[in-house]
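Trainee:
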Amino acid sequence: DTEVTQTPKHLVMGMTNKKSLKCEQHMGHRAMYWYKQKAKKPPELMFVYSYEKLSINESVPSRFSPECPNSSLLNLHLHALQPEDSALYLCASSQVKREGRGNEQFFGPGTRLTVL
Amino acid sequence: LAKTTQPISMDSYEGQEVNITCSHNNIATNDYITWYQQFPSQGPRFIIQGYKTKVTNEVASLFIPADRKSSTLSLPRVSLSDTAVYYCLVGMNRDDKIIFGKGTRLHILP
Numbered sequence: 004d005t006e007v008t009q010t011p012k013h014l015v016m017g018m019t020n021k022k023s024l025k026c027e028q029h030m031g032h033r034a035m036y037w038y039k040q041k042a043k044k045p046p047e048l049m050f051v052y053s054y055e056k057l058s059i060n061e062s063v064p065s066r067f068s069p070e071c072p073n074s075s076l077l078n079l080h081l082h083a084l085q086p087e088d089s090a091l092y093l094c095a096s097s098q099v100k101r102e103g104r105g106n107e108q109f110f111g112p113g114t115r116l117t118v119l
Numbered sequence: 142l143a144k145t146t147q148p149i150s151m152d153s154y155e156g157q158e159v160n161i162t163c164s165h166n167n168i169a170t171n172d173y174i175t176w177y178q179q180f181p182s183q184g185p186r187f188i189i190q191g192y193k194t195k196v197t198n199e200v201a202s203l204f205i206p207a208d209r210k211s212s213t214l215s216l217p218r219v220s221l222s223d224t225a226v227y228y229c230l231v232g233m234n235r236d237d238k239i240i241f242g243k244g245t246r247l248h249i250l251p
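Written out as structure tokens, the structure is:
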């Protein structure tokens, strides 16, 4: 199984709502990532988890709260978002870093988020 | 992480070979070069990775000159389904971090 799944595919929420994005992989990867991608822009890294611990937070606003409950699951909790947070949210996983070479990251299809 | 420069967009025709060049003048000794492909509304997909000379897989070839300051992704006999954005990335991923550059928007015409 070389697939990363993400739910939901689409999400519309108001600025006062609380919602969560979910990501799952069964490839035994111990590094998992959240990216944000605006239209016609490259993906921007938000968070990295390594062995279920948060290792990188790219100065993301606290209205985005990641969680890694186990080695297969990654959540992104959303609260009090702004319309400018509307984007495609991508989850990815990989083996933990191997010295000297890049690790192939496997991406999910993303969740298209619209904040009204 | 080394900065990369790619053409913003390219057009080609079905059946042609397409070469996309990426410049990475400040590549470090231990950096690998990796290419990803992204279709609209999908996550990026790993295509190929190399360190020097030439790497080939079932999808593409990657040519890296001796000075490693650039690399060329070669897609043989493209089809309409190869229309996508192609990203060149350079770095050791020492901290599991990859930074996507602006990418090249490839448009294949019939």
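Keeping their order, the protein sequence lines are chains A and B.
Numbering (the numbering used here) for the first sequence: 4 to 119.
Numbering (the numbering used here) for the second sequence: 142 to 251.
Every residue gets a Cβ at the ideal spot worked out from N, C-alpha and C, and that includes glycine.
Compute the Euclidean distance between the alpha carbons of Val219 of chain B and His248 of chain B, then round it to the nearest angstrom.
Mentor: Approximately 10 Å, taken between the alpha carbons.
Trainee: Do Tyr227 of chain B and Pro45 of chain A have their C-beta atoms closer together than 8 Å?
Mentor: No. Outside cutoff.
Trainee: Give me, in chain order, the residues of the same chain whose beta-carbon lies closer than 7 Å to that of Val118 of chain A; leave out the 5 immediate sequence neighbours on both sides.
Mentor: Met16, Met18, Leu84, Gln85, Pro86, Asp88 and Ser89.
Trainee: Less than 8 Å between the beta carbons of Lys243 of chain B and Gln178 of chain B, yes or no?
Mentor: No, the Cβ-Cβ distance between Lys243 of chain B and Gln178 of chain B is not below 8 Å.
Trainee: Quick one: does Gln147 of chain B have its CB under 8 Å from some CB of chain A?
Mentor: Not an interface residue.
Trainee: Pick out whichever of A:Ser75, A:His80 and A:Val99 has its Cα sitting closest to the Cα of Lys22 of chain A.
Mentor: The shortest Cα separation from Lys22 of chain A among A:Ser75, A:His80 and A:Val99 belongs to A:His80.
Trainee: Using the beta-carbon of each residue, which ones in chain B are nearer than 7 Å to Phe67 of chain A?
Mentor: Within 7 Å Cβ-Cβ: nothing; Phe67 of chain A doesn't reach chain B, min ~17 Å.
Trainee: Expressed to the nearest angstrom, what Euclidean distance is found between the alpha-carbon atoms of Ser212 of chain B and Val231 of chain B?
Mentor: Answer to the nearest angstrom: the Cα atoms are 10 Å apart.
Trainee: Please classify Tyr38 of chain A as buried or exposed, where buried requires at least 16 neighbouring CB atoms within 10 angstroms.
Mentor: So Tyr38 of chain A counts as buried.
Trainee: So that I know if they touch, is there some Cβ in chain B lying closer than 8 Å to that of Pro11 of chain A?
Mentor: False, the Cβ-Cβ gap to chain B never drops below 8 Å.
Trainee: With DSSP as the reference, label Ser97 of chain A as helix, strand or coil.
Mentor: In this structure, Ser97 of chain A counts as strand in the three-state DSSP scheme.
Trainee: Enumerate, from N- to C-terminal direction, the unbroken beta strand (DSSP E) stretches of 3 or more residues contained entirely within the stretch 24-105 of chain A.
Mentor: With a minimum length of 3 residues, the continuous beta strand (DSSP E) runs that stay inside the stretch 24-105 of chain A are 34-40, 47-53, 56-60, 67-73, 76-82 and 90-97.
Trainee: Does chain A have any CB closer than 8 Å to the CB of Phe241 of chain B?
Mentor: Output row for Phe241 of chain B: interface = yes.
Trainee: Counting only C-beta atoms, is Gly31 of chain A closer than 8 Å to chain B at any point?
Mentor: By this cut-off, Gly31 of chain A is not an interface position.
Trainee: For Ser220 of chain B, which of helix, strand or coil comes out of DSSP?
Mentor: Reduced to three states, the DSSP call for Ser220 of chain B is coil.
Trainee: Could you check how far apart the C-beta atoms of Ser74 of chain A and Glu55 of chain A are, in whole angstroms? I think they sit under 8 Å.
Mentor: Correct: roughly 6 Å between the Cβ atoms.
Trainee: Measuring alpha carbon to alpha carbon, tell me which residue in B:Asn166, B:Thr162 and B:Val196 is nearest Thr245 of chain B.
Mentor: For Thr245 of chain B, the nearest C-alpha among the options comes from B:Thr162.
Trainee: Could you round the C-beta distance between Leu93 of chain A and Phe67 of chain A to whole angstroms and report it? I think they count as a contact, below 8 Å.
Mentor: In fact, because the Cβ distance is near 13 Å, the residues do not count as touching under 8 Å.
Trainee: Going by DSSP, what residues sit across from Arg209 of chain B in a beta bridge?
Mentor: DSSP lists no partner for Arg209 of chain B.
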